[in-house]
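Novice: Right, I'll just put the structure down here and ask away after.
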Amino acid sequence: MELKVYPKEELYLILMFIISLITYAILIFSIVGIIYLLIVAIFAFFTHGIFIGSVRGNSVRVSNNQFPEVHKMAEELSQKIGLDEVPSIYIMESGGMLNAFATKFLGRNFVIIYSDVLELAYEEGESAVAFIVAHELAHIKAKHLMWRYILYPAMFVPFLGSAYLRACEYTSDLIAAQLVPNGAIQGLTVLATGKRLYQKLNILEIIKQSEEEKGFWIWLSEKLSSHPNLIKRINKIYYETKDVIN
Ligand SMILES: [Zn+2]
């Protein structure tokens, strides 16, 4: 199965890569720069290590015997997407927030699912959860996490860093929609309205809203964000999956 990539991702990736390489070269050629680079790298390494340590010490690790349904879902999706190894999956309590994210540390991939998302899986929302998990696996498969370290300097370029991150989100949505077309819209609308109201949502009205709500402030808020506006993501995935699920 050929995995889709959002067209602009590659362009942003190349731009970010060039800017990062130039920054690294400047830092390395100036002796003080190497010291700064090392300090930032060590600080980032420790901050991330402590965060991963906290996740592993406070969240519940999914396995064959712990939330086995989720484990099986992750195994099947990992195989479909073409990952050699199923990432370590942890369930984190998050005070009702609905989200999930993927991260990488010392070569090991992690997917953290907020507990309220998981509750959905046990309330007839299994395909919505599958879409959310597939989206995170897509970040791993598309090497978004690996690139993030190398591209670190370019992340600070206004508008470009966030444009690249948004392109990665669209790519992961597209791949996840290929894998779980029947859970795609639900997976995204859950993020918009929560785990109960999403079932009452009028999808066509959301599509209409995404085509009507335009203007400077909406544009600017999105340009500064690491994620595309949710109603735009819903719009894109609606047209992407419309023919597959009907
Ligand atoms: Zn994402």
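For the sequence shown, my numbering assigns the number 125 to the initial residue and increments by one for each residue that follows.
Backbone N, C-alpha and C fix where the C-beta goes; we use that ideal spot for every residue, glycine too.
Which one of Y276, L303 and I143 has the shortest CA to CA distance from A198?
Specialist: For the residues Y276, L303 and I143, the minimum Cα distance to A198 belongs to L303.
Novice: When the Cα atoms are used, what is the spatial distance from L275 to S286?
Specialist: 12 Å
Novice: With respect to 7 Å, is the separation between the Cβ of S78 and the closest non-hydrogen atom of ligand 1 below this value?
Specialist: The chain is shown only over 125 to 370; residue 78 falls outside these bounds and no answer can be derived.
Novice: Should E364 be listed as close to ligand 1, given that the test is whether its C-beta is under 7 Å from any heavy atom?
Specialist: No, the beta carbon of E364 sits no closer than 7 Å to any heavy atom of ligand 1.
Novice: Opposite Y214 in the DSSP bridges: which residues?
Specialist: Per DSSP, the beta-bridge partners of Y214 are R185 and I236.
Novice: Pick helix, strand or coil for L128, following the three-state DSSP scheme.
Specialist: For the record, residue 128 in the displayed sequence is Lys; it is not Leu. In the structure shown, K128 sits in coil (DSSP, three-state: anything other than H, G, I, E or B).
Novice: If we count Cβ pairs, one from each stretch, closer than 8 Å, do we get three or more for the stretch 233–251 versus the stretch 259–279?
Specialist: yes
Novice: Determine contact between the stretch 315–331 and the stretch 220–230, defined as no fewer than three beta-carbon pairs at a distance below 8 Å.
Specialist: yes
Novice: Based on the DSSP output, what are the partners of F229 in its beta bridges?
Specialist: R232
Novice: According to the neighbour-count rule (16 or more other Cβ atoms, all chains shown, within 10 Å of its Cβ), is G311 buried or exposed?
Specialist: buried
Novice: Taking 8 Å as the cut-off, does the stretch 290–303 touch the stretch 337–345 (at least 3 CB pairs, one atom from each stretch)?
Specialist: The stretch 337–345, when compared against the stretch 290–303, does not touch it at the 8 Å Cβ threshold.
Novice: What residue range does the alpha helix (DSSP H) around L207 cover?
Specialist: Premise fails: L207 is in no alpha helix (DSSP H) and is neither H nor E.
Novice: Can you tell me which of the three DSSP states A224 falls into?
Specialist: strand
Novice: Identify the continuous alpha helix (DSSP H) that holds P305 and give its terminal residues.
Specialist: P305 to T317
Novice: Could you tell me whether any Cβ in chain B is nearer than 8 Å to the Cβ of S286?
Specialist: Among the chains in the structure shown there is no chain B, since it carries only a single protein chain.
Novice: Assuming Y363 contacts Y130 (C-beta within less than 8 Å), just tell me the rounded distance between them.
Specialist: Actually they do not touch by this definition, with Cβ atoms about 14 Å apart.
Novice: Using DSSP bridges, identify the partner residues of Q190.
Specialist: S187
Novice: Can you look up H351 in the DSSP assignment and give me helix, strand or coil?
Specialist: coil
Novice: Using only CA atoms, which one of E336, L328 and A308 lies nearest to V368?
Specialist: A308
Novice: Output the distance between the C-alpha atoms of Y160 and K265, rounded to the nearest integer angstrom.
Specialist: 32 Å
Novice: Does the beta-carbon distance from S212 to D240 come in below 8 Å?
Specialist: A distance of 8 Å or more separates the beta carbons of S212 and D240.
Novice: Could you have a look at Y276 and say whether DSSP puts it in helix, strand or coil?
Specialist: In the structure shown, Y276 falls within a helical segment according to DSSP collapsed to helix, strand and coil.
Novice: Would you say the beta carbon of E293 is closer than 7 Å to some non-hydrogen atom of ligand 1?
Specialist: Yes, Cβ of E293 sits closer than 7 Å to a heavy atom of ligand 1.
Novice: Does the Cβ of S296 lie closer than 7 Å to at least one heavy atom of ligand 1?
Specialist: Yes - ligand 1 has a heavy atom lying nearer than 7 Å to the Cβ of S296.
Novice: Pick helix, strand or coil for A300, following the three-state DSSP scheme.
Specialist: In this structure, A300 counts as helix in the three-state DSSP scheme.
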